[in-house]
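Notes for the one structure printed next.
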Amino acid sequence: MKILGIETSCDETAASVVQGGVWVHSNVIASQIALHQAHGGVVPELAARGHITAIAPVIEAALAEAGIDRTGIDAVAVTNGPGLAGSLLVGVNVAKAFAYAIDRPLVPVNHLEAHVGANWLRERGEKAEPPALPAICLLVSGGHTELILIDRPGRFRLLGRTLDDAAGEAFDKGARLLGLGYPGGPAIQRAAEQGSSTAFELPRAWLGESDDFSFSGLKTALLRQVEPYRLPVEKAAPLAPGLFAEHRAPRFADGLPAADLAASFQEAIVEVLTVKTARAAVAHNARTVMLAGGVAANRPLRQRLGEEIDRAFAGQPAPRVRFPLFAFCTDNAAMIAGAAYHVLLRGEQAGWDLDINPRLPLRVVIADSAHE
Ligand code: KG4
Ligand code: ZN
Numbered sequence: 111m112k113i114l115g116i117e118t119s120c121d122e123t124a125a126s127v128v129q130g131g132v133w134v135h136s137n138v139i140a141s142q143i144a145l146h147q148a149h150g151g152v153v154p155e156l157a158a159r160g161h162i163t164a165i166a167p168v169i170e171a172a173l174a175e176a177g178i179d180r181t182g183i184d185a186v187a188v189t190n191g192p193g194l195a196g197s198l199l200v201g202v203n204v205a206k207a208f209a210y211a212i213d214r215p216l217v218p219v220n221h222l223e224a225h226v227g228a229n230w231l232r233e234r235g236e237k238a239e240p241p242a243l244p245a246i247c248l249l250v251s252g253g254h255t256e257l258i259l260i261d262r263p264g265r266f267r268l269l270g271r272t273l274d275d276a277a278g279e280a281f282d283k284g285a286r287l288l289g290l291g292y293p294g295g296p297a298i299q300r301a302a303e304q305g306s307s308t309a310f311e312l313p314r315a316w317l318g319e320s321d322d323f324s325f326s327g328l329k330t331a332l333l334r335q336v337e338p339y340r341l342p343v344e345k346a347a348p349l350a351p352g353l354f355a356e357h358r359a360p361r362f363a364d365g366l367p368a369a370d371l372a373a374s375f376q377e378a379i380v381e382v383l384t385v386k387t388a389r390a391a392v393a394h395n396a397r398t399v400m401l402a403g404g405v406a407a408n409r410p411l412r413q414r415l416g417e418e419i420d421r422a423f424a425g426q427p428a429p430r431v432r433f434p435l436f437a438f439c440t441d442n443a444a445m446i447a448g449a450a451y452h453v454l455l456r457g458e459q460a461g462w463d464l465d466i467n468p469r470l471p472l473r474v475v476i477a478d479s480a481h482e
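Going by the numbering used here, the sequence shown runs without a break in its numbering and finishes at 482.
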């Protein structure tokens, strides 16, 4: 079964064809980074308009890359939440029109569920390797930080979540404070490579034995370090109606230790995430530990997770650590088409009245096995 997936929940316009919930036949992404860069972050209205112009060519490219035409598609899947309302509306409407035109089922997909499911995806021709259960998955994206226990196929339990900022949001805000630009995660990772992670002692919110997270104190501590170097920013001219504010990059006096601060900041996030994930893996006898979401692309996070798992299991048989391929960490449509297969297996299909839900919560259910 081949499913066309469509993803427009934030600032990437994406379409993909995935077979049997596992094998990725195409994965096309039109990034809007350039569109939003001048504003220092995603501008929702610009994002929605960007999707409208990009979506049709992106779908055409995904079909061409998969080597099929519209009639080769068995179902059309789309993210209907969570995400930006205007952005979600574009994908859902296009998916409805497409499914209606080719007379195939329309499948609603939860964006968070899809991020977790990215661990099931494989390149075309590879062997399917469903993760051994029980598994712990740390979902870290721009809007979410969630520690999830998957104890049997189809059953997902939320162990902990962030009490304030999401991990990706912390990276983005940290990068903004340091004047490193948008998107923040890759910018902090790059700057950190030139710095020392022990240069600054930044706080970690351990929150006792809890599986929850908190990053707002860390952000404030970074601000305190940066403050003495900040210079006044030029005031922007008042805007005409319909225009969006240009981002004024912060200006700093000489000597701001940006690389050391980036490295110390990244270390504080990575340490808390990995130590808590390893602790949960021990507590629940996990056989697999997985990452998901945009922050899962962070190399130090991937490396440190393996180290903390080894440390926590000291000598005992350790769970296998697995990550989605880099291309399936940040927003993409392969994860939507992959998760949709399992949604269909559960017998869930949308009617033509499918609505968006910008605040759709995590309610993950993915079957364990994949079939052609
Ligand atoms: O999953 P995603 O693409 O979108 C959401 O659903 O939110 O995640 C985007 C987030 C952003 O906050 C971005 O800064 C972060 O993922 N990110 C990274 C890296 N690449 C993307 N954070 C740390 N290191 C990276 N290499
Ligand atoms: Zn996402």
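Beta carbons: idealized from backbone N, C-alpha and C, even for Gly.
As the structure is a prediction and not an experimental result, all values here were calculated from the model.
In this structure, the ligand ZN has a non-hydrogen atom nearer than 8 Å to the beta-carbon of G253. In terms of side-chain proximity, the C-beta atom of G201 is found no nearer than 8 Å to any non-hydrogen atom of the ligand ZN. Placement of the Cβ of S119 at a distance of less than 8 Å from at least one heavy atom of the ligand KG4 is found. Within 8 Å of the C-beta of D274 there is not a single heavy atom belonging to the ligand KG4.
Distances taken from the Cβ of P434 to the heavy atoms of the ligand KG4 include none shorter than 8 Å. Note that the segment 231-250 does not touch the segment 144-164; fewer than 3 beta-carbon pairs, one per stretch, sit closer than 8 Å. Under the three-state reduction of DSSP output, W133 falls in the strand class. Under the three-state reduction of DSSP output, D370 falls in the helix class. In the same chain as H254, and ignoring 5 residues on each side of it, the C-beta atoms closer than 7 Å to its own belong to L222, A276 and G403, in chain order. Excluding sequence positions up to five before and after F323, its CB lies within less than 6 Å of the CB of T255 and T272, all in the same chain and listed in chain order. The Cβ-Cβ distance between Q413 and I298 does not fall below 9 Å. Restricted to the segment 168-204, the beta strand (DSSP E) segments that are unbroken, complete and at least 3 residues in length are 185-191, listed in chain order.
Assignment of V336 by DSSP, reduced to helix, strand and coil, places it in the helix class. Shortest gap from the CB of A437 to any heavy atom of the ligand KG4: 8 Å or more.
Ranked by how close their Cα comes to the Cα of G327, the residues A315, D121, G193 and L455 have A315 in first place.
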